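Residue numbers (the working numbering): 11 to 503.
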């Protein structure tokens, strides 16, 4: 395990946040794969996403006969995404001294961004494959580290479309607490746009600037109840201030850096009249203090505004509130349908990102739907409801789009791969467990393409993945290596 942990430290120190690209990590991991004697390829992945680096690569390693044709599916694909979510506020990473890339070992755990989700799973698979370098394989073993797993899974989609591999079985790495996951919820990212024209006004009336900052706690978008949503917290504060008769003129809103995690930061800029300015300072101090939220908010107070400040139309904030309330109501309705085989046992909605563009606001929501709930019907209902909202605001341009979709995984315990994984669990001394998850994984992409696919990995997701102080358990890593060895024995020898 010493070699694996040494490689883990080096791997976790490399920043592979999706938007930044994964070239450095791809080069590092491909050298590890090549040094283990696997046929190695760096597959550059093309995409058209805005504000995302074009330096994106899948790392492909093959042990055994790599013959590929469209008719013959053979071998075992072990795949893991190499990119990570953005770390959020550094000060929340208390276990690593405020640096999410500073790897820390403590009490049998390894801390760092990507420790559970899911860099170290790749190393477990690589170590397991190393045992079979001199073995005669009946079926090939494929090892892949994909890019873009946290942003639409464009690496896995590209791999499938390229037909570079055509395995019989696929095991996708994600933190499952070493359970074999055969089913998961669908992921649906909806973006609501509110278009408007800025209003130029004489700022002499509203001439005191307020910069309000809200701080929350990140969590995985599949488990929104585990975090504190900074956007929602900020909106609720502003709403209450408006109800308490503060007249605000807004210029800017911003929050969250990616939609599939609970946002830990949000901000708003607005102007008050001079006669309400002192009242607001007292109001802010009293409200935040009485609710024990001194660390949740910060306010910066500005002086006289410049002439000609351009404000958002007053109806924009009102409209935004209606949109937010719509999704809140929908979340409450979705909670009524339960499936106790999932955690949480109902579909969820996370208000993940709030972005101001030139002439518009964009609100992004992450919906995780139970397999029995139709994404298409939910989409139709959202469009219908937002059209009703739009009709009340003829001077605004309101539109919604399902920006991203990952289907549910709907394998069953009767599939051959699930049974092979259960046998591998037993042979590894791991409790035989199958499960379902609220995570959305690349396994669904492979399953939709006709492959048997499951999810497995060391560590836990709920309350850990996409959160500060992310960690993995070293004992889990060691057992995962053994699990992959036993699975290879059952499928490739």
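Cβ atoms here follow ideal geometry from the backbone N, Cα and C, with glycine treated the same way. Source: prediction; values computed, not measured.
Nearest to residue i (by Cα), restricted to the options the options
| i | options | result |
| --- | --- | --- |
| residue 445 | 393, 372, 355 and 362 | 355 |
| residue 245 | 230, 235, 262 and 233 | 262 |
| residue 447 | 195, 466, 70 and 131 | 195 |
| residue 185 | 236, 483, 39 and 171 | 483 |
| residue 93 | 159, 144, 72 and 187 | 159 |
| residue 38 | 55, 62 and 19 | 19 |
| residue 45 | 27, 32, 73 and 62 | 73 |
| residue 476 | 464, 500, 449 and 381 | 449 |
| residue 394 | 352, 371, 202 and 27 | 202 |
| residue 452 | 369, 90 and 25 | 90 |
| residue 205 | 440, 434 and 408 | 408 |
| residue 149 | 327, 75 and 431 | 75 |
| residue 164 | 265, 62, 119 and 216 | 62 |
| residue 293 | 252, 105, 326 and 369 | 252 |
| residue 291 | 383, 219, 324 and 322 | 219 |
| residue 243 | 388, 296 and 278 | 278 |
| residue 208 | 304, 118, 103 and 324 | 324 |
| residue 183 | 193, 155 and 69 | 155 |
| residue 495 | 55, 472, 433 and 459 | 433 |
| residue 345 | 370, 322 and 377 | 377 |
| residue 170 | 118, 79, 126 and 254 | 79 |
| residue 425 | 472, 307 and 180 | 180 |
Outcome for residue i when other beta-carbon atoms lying within 10 angstroms are tallied against a minimum of 16
| i | result |
| --- | --- |
| residue 442 | exposed |
| residue 88 | buried |
| residue 11 | exposed |
| residue 167 | buried |
| residue 284 | exposed |
| residue 418 | buried |
| residue 224 | buried |
| residue 398 | exposed |
| residue 250 | exposed |
| residue 427 | buried |
| residue 343 | exposed |
| residue 299 | exposed |
| residue 304 | exposed |
CA-to-CA distance, residue j to residue i, given in whole angstroms
| i | j | result |
| --- | --- | --- |
| residue 280 | residue 197 | 34 Å |
| residue 57 | residue 64 | 7 Å |
| residue 272 | residue 59 | 22 Å |
| residue 157 | residue 437 | 32 Å |
| residue 129 | residue 286 | 52 Å |
| residue 301 | residue 479 | 26 Å |
| residue 488 | residue 468 | 9 Å |
| residue 400 | residue 391 | 14 Å |
| residue 172 | residue 53 | 10 Å |
| residue 67 | residue 29 | 13 Å |
| residue 256 | residue 282 | 8 Å |
| residue 329 | residue 338 | 14 Å |
| residue 486 | residue 470 | 10 Å |
| residue 229 | residue 498 | 34 Å |
| residue 27 | residue 288 | 42 Å |
| residue 145 | residue 502 | 10 Å |
| residue 435 | residue 247 | 49 Å |
| residue 372 | residue 265 | 10 Å |
| residue 320 | residue 368 | 12 Å |
| residue 234 | residue 340 | 15 Å |
| residue 162 | residue 296 | 43 Å |
| residue 51 | residue 493 | 25 Å |
Under 8 Å between C-beta atoms of residue i and residue j
| i | j | result |
| --- | --- | --- |
| residue 457 | residue 421 | yes |
| residue 97 | residue 123 | yes |
| residue 48 | residue 153 | yes |
| residue 190 | residue 464 | yes |
| residue 136 | residue 43 | yes |
| residue 267 | residue 226 | no |
| residue 3 | residue 22 | Examination of residue 3 is not possible in this model, given that the chain is present from 11 through 503 alone. |
| residue 396 | residue 349 | no |
| residue 466 | residue 474 | no |
| residue 270 | residue 231 | yes |
| residue 187 | residue 310 | no |
| residue 374 | residue 199 | yes |
| residue 383 | residue 357 | yes |
| residue 260 | residue 216 | no |
| residue 31 | residue 178 | no |
| residue 105 | residue 116 | yes |
CB contact check: residue i to chain C, cutoff 8 Å
| i | result |
| --- | --- |
| residue 151 | Absent from the structure: chain C. Only one protein chain is present. |
*asked:* Between the stretch 126-142 and the stretch 411-421, can you find at least three pairs of beta-carbon atoms closer than 8 Å?
replied: no
*Are three or more beta carbon pairs between the stretch 225-240 and the stretch 360-374 nearer than 8 Å?*
yes
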